[in-house]
Structure formats: C-alpha cells, structure tokens
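Trainee: Before I ask anything, here is the structure I am working with.
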C-alpha cells in the first residue's frame with residue numbers, strides 16, 4: 136500500500152540527471168544568496184536575482200517544469216551542526232528515481248542533511264501548506 140501523499144512513480148525514461156545538474160548550476164549562478172529577502176511567489180522567483188532558500192527552490196521548480204521534469208517543492212529542516220534550520224528544496228524525477236535537489240547549495244542530488252516535513256507544488260497554496268507544517272513542528276517543540 137502507498138502512503139497518502141507519497142510521490143507517484145513516474146514512467147521510466149531517459150536519465151535526466153545531467154539536465155537537472157545543469158539546471159541547478161544555472162539557478163545557483165543567477166540568484167545571489169540573501170537571507171534578508173522578503174517572501175516570494177513562484178512567479179517572482181523565476182526571475183529573481185537574489186533570495187533565500189525558498190527563492191532558489193521555487194526558481195528551480197519553475198525552470199524544471201518548463202523542461203517537463205516532474206518536480207515538487209519540500210518544506211522542512213536542514214541539519215547545520217547541532218541545529219535544525221528551516222529550509223526549502225525540491226525533489227525531481229530523474230527518469231528512474233526521485234532525488235533531492237537543493238539549488239540554494241548547488242546540490243543535485245542533495246546530501247543526507249535534509250529532513251522533509253511537507254511535500255507540495257510550487258504555488259502559493261503549496262507554500263502555505265509547507266509553512267503550516269513548520270508551525271506544527273514549532274508548536275509541538277514548545278510543549
């Protein structure tokens with residue numbers, strides 16, 4: 136049985152990893168990291184020149200979508216030493232498997248330092264769902 140909300144198995148196809156890596160490099164080169172950047176939408180992220188992890192994830196997802204690479208955005212946490220940091224990245228279908236893609240760090244596949252809490256589309260409703268997941272974790276942590 137499949138878990139509700141689990142990533143669907145896509146049809147097997149050609150290996151898209153080289154294309155995914157090139158796209159990540161392009162997004163990473165075109166956006167300057169800026170943790171002070173305000174909230175962004177998927178449409179704004181596509182042409183952004185600076186932003187935080189959300190901007191990187193949304194920009195990558197927009198460009199991947201234009202290339203028909205199945206992609207979702209993940210809201211979760213990144214392990215940073217002994218801390219957990221709020222973070223957003225993407226997952227993409229390579230043609231044979233889903234891989235984590237972290238354009239903010241130029242990683243495809245991304246390492247094992249990511250903890251996903253919510254998987255969603257790269258739209259405003261998806262971002263709200265992701266923030267709700269983080270809020271629930273913060274609330275549970277305060278109890």
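Numbering (this note's numbering), first residue to last: 136 to 278.
Glycine included, C-beta positions come from ideal geometry on N, C-alpha and C.
(1) Any idea what DSSP makes of residue 219, helix, strand or coil?
(2) Can you give me the start and stop residues for the alpha helix (DSSP H) that residue 170 sits inside?
(3) Determine whether the beta carbon atoms of residue 187 and residue 212 lie at a separation below 8 Å.
(4) Below 8 Å on the Cβ atoms is my guess for residue 199 versus residue 183; work out the distance and round it to an integer in Å.
(5) Taking just the CA atoms, how far does residue 257 sit from residue 269?
(6) When DSSP builds the beta bridges, which residues end up paired with residue 251?
(7) Taking the beta carbon of residue 247 as the centre, do at least 16 other beta carbons fall within 10 Å, making it buried, or is it exposed?
(8) CA-CA distance, residue 267 and residue 189?
(9) For residue 207, which residues from the same chain have a beta carbon less than 6 Å from its beta carbon, with the 5 sequence-adjacent residues on both sides left out?
(10) State the DSSP-derived secondary structure class of residue 176, mapped to helix, strand or coil.
(11) For residue 166 and residue 204, which I take to be in contact (beta-carbon distance under 8 Å), what is that distance rounded to the nearest angstrom?
(12) When the Cα atoms are used, what is the spatial distance from residue 244 to residue 274?
Mentor: A quick look at the data gives this:
(1) strand
(2) Per DSSP, residue 170 belongs to no alpha helix (DSSP H) and is neither H nor E.
(3) no
(4) Not quite, the Cβ-Cβ distance comes to about 16 Å (not below 8 Å), so this is no contact.
(5) 16 Å
(6) 211
(7) exposed
(8) 15 Å
(9) 226, 254
(10) coil
(11) So it is not a contact: roughly 18 Å between Cβ atoms.
(12) 31 Å
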